[in-house]
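First the structure, in the form of structure tokens, and then the observations on it.
2 protein chains.
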Amino acid sequence: METRGTKRTAEVIEDSKNDTSNKRQKTSEENETEVKVQDIAHLMRIDSINMTNASGSGHPTSCSSMAELLSTVFFHPSGMKFNPHTPRGFENDKFVLSKGHAAPILYSAWSHAGHVPKEELMNLRKIDNDLEGHPTPRLDFIDVATGSLGQGLNAGVGMAYSMKYFEKVSNKVFCLLGDGEMAEGSNWEAMNFASFYKLDNLVTILDINRLGQSDETSLGHSVDVYEKRFDAFGFHTFVVDGHSVSEIVKALEDSKNITDKPIAILAKTIKGKYFLEKADKQPWHGKPLGGESSPVVENIEKMIQDKNASIIPQTPESEAKEPEHTELAVPECKYNVGDFVATRKAFGECAKLLGDQSNLVVGVDADVKNSTMLQFLKDAHPDQFIDCFIAEQNMVGAAIGAGVRGRIPFCSTFATFFTRAFDHIRMGAISQCNVKFVGSHCGVSIGADGPSQMGLEDIAMFRTVPNCVVFYPSDSVSTFHATTLAANHKGMVFIRTGRPEAKTIYKNDEEFKIGQSKVTLSSEDDKITLVGAGVTFTAASEAAEKLKEAGTNVRIIDLFCVKPIDKETLVKSAQETNNTILVIEDHYPEGGLFEAVCSAVASEGVKVHSLAVNDVPRSGKPKELLAKYKIDCDAVVEKVKELTS
Amino acid sequence: METRGTKRTAEVIEDSKNDTSNKRQKTSEENETEVKVQDIAHLMRIDSINMTNASGSGHPTSCSSMAELLSTVFFHPSGMKFNPHTPRGFENDKFVLSKGHAAPILYSAWSHAGHVPKEELMNLRKIDNDLEGHPTPRLDFIDVATGSLGQGLNAGVGMAYSMKYFEKVSNKVFCLLGDGEMAEGSNWEAMNFASFYKLDNLVTILDINRLGQSDETSLGHSVDVYEKRFDAFGFHTFVVDGHSVSEIVKALEDSKNITDKPIAILAKTIKGKYFLEKADKQPWHGKPLGGESSPVVENIEKMIQDKNASIIPQTPESEAKEPEHTELAVPECKYNVGDFVATRKAFGECAKLLGDQSNLVVGVDADVKNSTMLQFLKDAHPDQFIDCFIAEQNMVGAAIGAGVRGRIPFCSTFATFFTRAFDHIRMGAISQCNVKFVGSHCGVSIGADGPSQMGLEDIAMFRTVPNCVVFYPSDSVSTFHATTLAANHKGMVFIRTGRPEAKTIYKNDEEFKIGQSKVTLSSEDDKITLVGAGVTFTAASEAAEKLKEAGTNVRIIDLFCVKPIDKETLVKSAQETNNTILVIEDHYPEGGLFEAVCSAVASEGVKVHSLAVNDVPRSGKPKELLAKYKIDCDAVVEKVKELTS
């Protein structure tokens, strides 16, 4: 208790001025404001009860533990500065509710701020209303979707980083987390990041209500342990009673004196606070009070001084503005037909050239930039780059956050290490994010490092993401086009790049579109259509030469865009080549090129065959591995002979 | 420097006995042993240089920073107790190399221990040798694959938990991590877990060599910050010079007095230690020394006292034995045909009954056991359960670790939250793990919670995992069979369970097999085959009745086993029903049931059509959502009419 509301020992001197100011008596106006904030907290509590009763599901007890925290941050002058009528405005301070299941009280706060009509609240979770069970940017006051725990802070640090370093503006990010989600490692990734970058514009608020869904959390009400951990991770911490508006106000005020450190307000709270015998009790997670609401509501109403209490939020002072996006031109690719260059290298070069065109193009890396070749962008534009160290979840979250602030983030690691952040990527789709993911080191063609480093499920993963564009370029020129198309496309994109050198096959003036494949070889006498990309496009092309010598013509499709897929070209080619397609891919067969092609032609009765990596691979030289897993030229020749005999 | 090799203040009293013992002079024998350990460290350094030169790739500088740490743990009497000739033996202490890219020096250690022939080392990374770029259990001395950073400790805590609580044996787990990977949140999940469960049989060794792949780590050589963080996470920490055998020995000896806390040895090291001008320099990550080796090798050789130094590891004292697995019988399912019960509930009941049969059946949960219904197992057998709190990566790692110790782990959360652990699941396949994953709350049929909670990519994800069996039962009886088949199957399994109640359709004596689907409705006049599972099996069955009334007979397949898929039944049914299949699924179309079926029949020219969730869904009632996303009875009827008209 002795540290409650006070600063840590190490900062006593720098905060001494503030200490004094806090010892003075509050003015009556200040007292009145705090009473109003408390009233609004209680009104929001009641809203949460009524809303979840109306929907028949939801988490009123999780709302109640954070009522004073939310009310103070939203409405007290020590809290956020924002215009509630233009919530997307870049000048506003931003609020992220990481514990997304407490959505009802957040909706209620936006209602008390004047943005959401009060009557609308009772439509919570209805199919024709955007006040969903967990917040999504279908609502104009939500920047990132939450609901999968331990993701809010990752996006939050991305937003705060952008404000402080890219935009150089004074806005703050307030991120409220539940204590249960502190078990998620992603939060500690974000915290390491936040302190490394001295994000003093980030205010993290922890609602320590002790109870998870099925059990007590691992730390219960041990606020001191949270304090120790946040402190060790470089935060300036304030410990408060989360139901005392006055203590929260003091922490928020004191936090304004902290520079060079992110802020943490660690609030001891009660789940279901003021819910009578339901408070601090286990079986009340995610349950509306229903028929048992009345005594609880009465109990809360008794404490309200003014049922019409309202406060207009503080006007923003930041001059941040949403940046304008202009169409980026495809940079000149210096390679000529026949030149050998790895697509990962071409990507890095193009990213750098796009960065020359616009400072909105930023790189986001997790300590592999010298492998993905995003290094080229950093070398040329160190101020357009976020180093995230080896922490892929936070890397993706930070990219999502930077995207919210109008950047065009190229977020790159080994293709397979995006699996580490699949939940963040999945939530990125619900967040309608604008991140360009680039995965290098795909498939067995990387060679001796072995299966742990090989992307063999990355296409399957990104294909499941609704509306995500998936490119898999086979040469330098098409990589330049994929990269530029990605930058100009509003939405999620995945580009798969390769480690081995690949022959440049397209001229610089070749046109590429989203959803378009290229027929690179055809005759009127093709016996089969071969579909490949990257190293398997090379294998197919080489096989075509050998097969032609042996008297068999084949058609070759460079798939280029895996999603949306070029159904028209695939079906037309199949129909002209005995209704038969062979798909070759450096990927597991499930969810990759083969199934993408199957899916596209399935309704047409086309026969589709597969050459793919069918087991956990191993170390070896790239050529040996392509041969062993039967996706090289010889394997294609053999399979085509079998299919056309 | 003042804390180097000494205990933390808080433990001074309990360690005082030990302090005294460490103040005495070492015997000449003890000194000789330390010299030998140092010699072996140098010999392993040279091995690592030669091995990576032979393979032309690899990470000699990352090996060199941990040479003394590894040598001391393997060979000094204060370190591991193990029989190097029976490395899989349950009686051994276990070693996990989380920084898997330092594999060469680990292989060298097993060579110096007498298990790997010295000449074999030079076959590193060759395609016909199991000494791969990163360690996998293809080698009998590796328990879990590493190489994707930040996973070793997750498996390590699972092994340590099993030893301490399930097996009640005295073995220890030694886990060596790199400092770069400490940015991965998964490690902090493991650490929170380790201290909560007081895993004093876990010795975590951190190789703080300052340098990552592309940059310095976020904390560089700030060993004090690591110490603060490990301490805050409940570890007993020892700070040592990682190149001083004597300091490492002291820490290992002192650690034996620590009870009720996991141990951390935080070692300040130099990347490329003794590599002359290459030491502590950035561009030497992952690069063999090649032509620049000679002066480095000479420099190291000069320091070696005895080129033939060798030590026989300490004999294990633990009486741990590998448990015998006996075939589990399918428990009697209490539901009769026509009874309504959610498959998640049936799963929980079956898991409990399997737990009655064998104490090797254990539950692994991340605070949703009252939703997945694994709660039934915990209630009946609290000693067969691991609560992991909200930390899915560590949950999966802990399950993998428990599996290594002969348990049969049922690891369960919401289907979509397994995306959080995809990288761990992917590595689980390389680890040849024996985990049974059970994902509840699949699809839009969960209703009002909204898209963040809906599993819509889980089948796609688990299908990419090589050799993973994927079950999707539609009723209680088939869920009992899937659960029992999973328990008896050696390898990875995923079972998808549902939230809504489902009608029991099979009798208890129905037989089910891996790779088998069920035709539940057929006539000689079927116009089309409908394939579904879970709620879409119900939709298809209801549609069949309506269609029959309208004069159209259809065939129904309850897919049951999605992988391996029952190609024979699918092709035969299609051939008997106008070569046409309609797949209905509560999942995104990519990588799910539709593409699984496409893939199975693709070579036969069958026409396959899809009804699936084609966009990010939203909150609503289950029935409303099934209708909105066109996967309910009415949608099936409409689609069949369109396809058969």
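Top to bottom, those sequences are chains A and B. Once you know that position 18 of the first sequence is 18 in the working numbering, the rest is easy, because the numbers rise by one and skip nothing. Once you know that position 366 of the second sequence is 1366 in the working numbering, the rest is easy, because the numbers rise by one and skip nothing. Beta carbons are placed, not taken as given, at the ideal position from N, Cα and C, and that holds for glycine.
Beta-bridge pairing of residue i - partner residues as DSSP gives them
{"i": "residue 561(A)", "result": "471(A)"}
{"i": "residue 1412(B)", "result": "1365(B) and 1438(B)"}
{"i": "residue 418(A)", "result": "Looking at the DSSP assignment, residue 418(A) forms no beta bridge with any residue, so it has no partner."}
{"i": "residue 553(A)", "result": "526(A)"}
{"i": "residue 1610(B)", "result": "1583(B)"}
{"i": "residue 1493(B)", "result": "1436(B) and 1469(B)"}
{"i": "residue 1216(B)", "result": "1211(B)"}
{"i": "residue 202(A)", "result": "173(A)"}
{"i": "residue 1341(B)", "result": "1502(B)"}
Three-way DSSP call (helix, strand, coil) for residue i in this model
{"i": "residue 1208(B)", "result": "strand"}
{"i": "residue 174(A)", "result": "strand"}
{"i": "residue 1568(B)", "result": "helix"}
{"i": "residue 82(A)", "result": "coil"}
{"i": "residue 478(A)", "result": "helix"}
{"i": "residue 314(A)", "result": "strand"}
{"i": "residue 524(A)", "result": "coil"}
{"i": "residue 21(A)", "result": "For residue 21(A), the predicted structure reports a pLDDT of 49, less than 50, and the residue's modelled location is therefore unreliable. A value from the coordinates is still provided. In the structure shown, residue 21(A) sits in a helix (DSSP, three-state: H, G or I)."}
{"i": "residue 1518(B)", "result": "strand"}
{"i": "residue 539(A)", "result": "helix"}
{"i": "residue 1302(B)", "result": "helix"}
{"i": "residue 512(A)", "result": "coil"}
{"i": "residue 403(A)", "result": "helix"}
{"i": "residue 276(A)", "result": "helix"}
Heavy atom of the ligand ATP within 6 Å of residue i beta-carbon
{"i": "residue 86(A)", "result": "Because no ligand of any kind appears in the structure shown, any question about the ligand ATP cannot be addressed here."}
Interface residues of chain B facing residue i [CB-CB closer than 9 Å]
{"i": "residue 369(A)", "result": "1213, 1214 and 1215"}
Chain-ordered chain A contacts of residue i [CB-CB under 8 Å]
{"i": "residue 1579(B)", "result": "605"}
{"i": "residue 1375(B)", "result": "214"}
Endpoints, the beta strand (DSSP E) within which residue i is located
{"i": "residue 1501(B)", "result": "1501-1503"}
{"i": "residue 238(A)", "result": "236-241"}
{"i": "residue 1641(B)", "result": "Taken as a continuous stretch (DSSP letters only), residue 1641(B) belongs to no beta strand (DSSP E), being part of the alpha helix (DSSP H) at 1633-1644."}
{"i": "residue 691(A)", "result": "Nothing can be reported for residue 691(A), as the shown portion of chain A is limited to 1 through 645."}
{"i": "residue 265(A)", "result": "263-268"}
{"i": "residue 95(A)", "result": "94-97"}
Chain A residues whose Cβ lies nearer than 9 Å to that of residue i
{"i": "residue 1609(B)", "result": "602 and 603"}
Contacts of residue i in chain B (Cβ-Cβ under 8 Å)
{"i": "residue 57(A)", "result": "1447, 1448 and 1449"}
{"i": "residue 393(A)", "result": "1185"}
{"i": "residue 387(A)", "result": "1215"}
Within chain A, the residues that residue i reaches when beta carbons sit closer than 7 Å
{"i": "residue 1087(B)", "result": "Neighbours of residue 1087(B) on chain A: none; closest Cβ ~20 Å, over 7 Å."}
{"i": "residue 1060(B)", "result": "Here the premise fails: no neighbours, minimum Cβ distance about 14 Å."}
{"i": "residue 1460(B)", "result": "460, 464 and 591"}
Enclosing alpha helix (DSSP H) for residue i [first to last residue]
{"i": "residue 459(A)", "result": "458-463"}
{"i": "residue 597(A)", "result": "593-601"}
{"i": "residue 1113(B)", "result": "Here residue 1113(B) belongs to no alpha helix (DSSP H), and DSSP marks it neither H nor E."}
{"i": "residue 247(A)", "result": "245-255"}
Contacts that residue i makes with chain B (C-beta to C-beta distance below 7 Å)
{"i": "residue 192(A)", "result": "1183 and 1218"}
Does the segment 1469-1485 of chain B come close enough to the segment 1495-1514 of chain B that 3 or more CB-CB pairs lie under 8 Å?
yes
Are at least three pairs of beta-carbons, each pair with one atom in the segment 1630-1643 of chain B and one in the segment 1465-1478 of chain B, less than 8 Å apart?
no
For the pair the segment 1269-1277 of chain B and the segment 1093-1108 of chain B, tell me if three or more CB-CB distances fall below 8 Å.
no
I want to know whether the segment 1593-1611 of chain B touches the segment 1566-1581 of chain B - three or more CB-CB distances under 8 Å.
yes
Touching or not, the segment 421-440 of chain A and the segment 1557-1568 of chain B, by the rule of three or more beta carbon pairs under 8 Å?
no
Mind the definition here: the segment 1413-1433 of chain B touches the segment 446-460 of chain A only if three or more C-beta pairs lie below 8 Å; say whether that holds.
yes
Could you say if the segment 1375-1392 of chain B and the segment 1437-1446 of chain B meet the contact criterion of at least three C-beta pairs nearer than 8 Å?
no
So, do the segment 1276-1294 of chain B and the segment 1200-1219 of chain B have three or more beta carbon pairs nearer to each other than 8 Å?
These segments touch.
Is there contact here, the segment 1194-1201 of chain B with the segment 1099-1116 of chain B, by at least three beta-carbon pairs under 8 Å?
They do not touch, by the three-pair rule.
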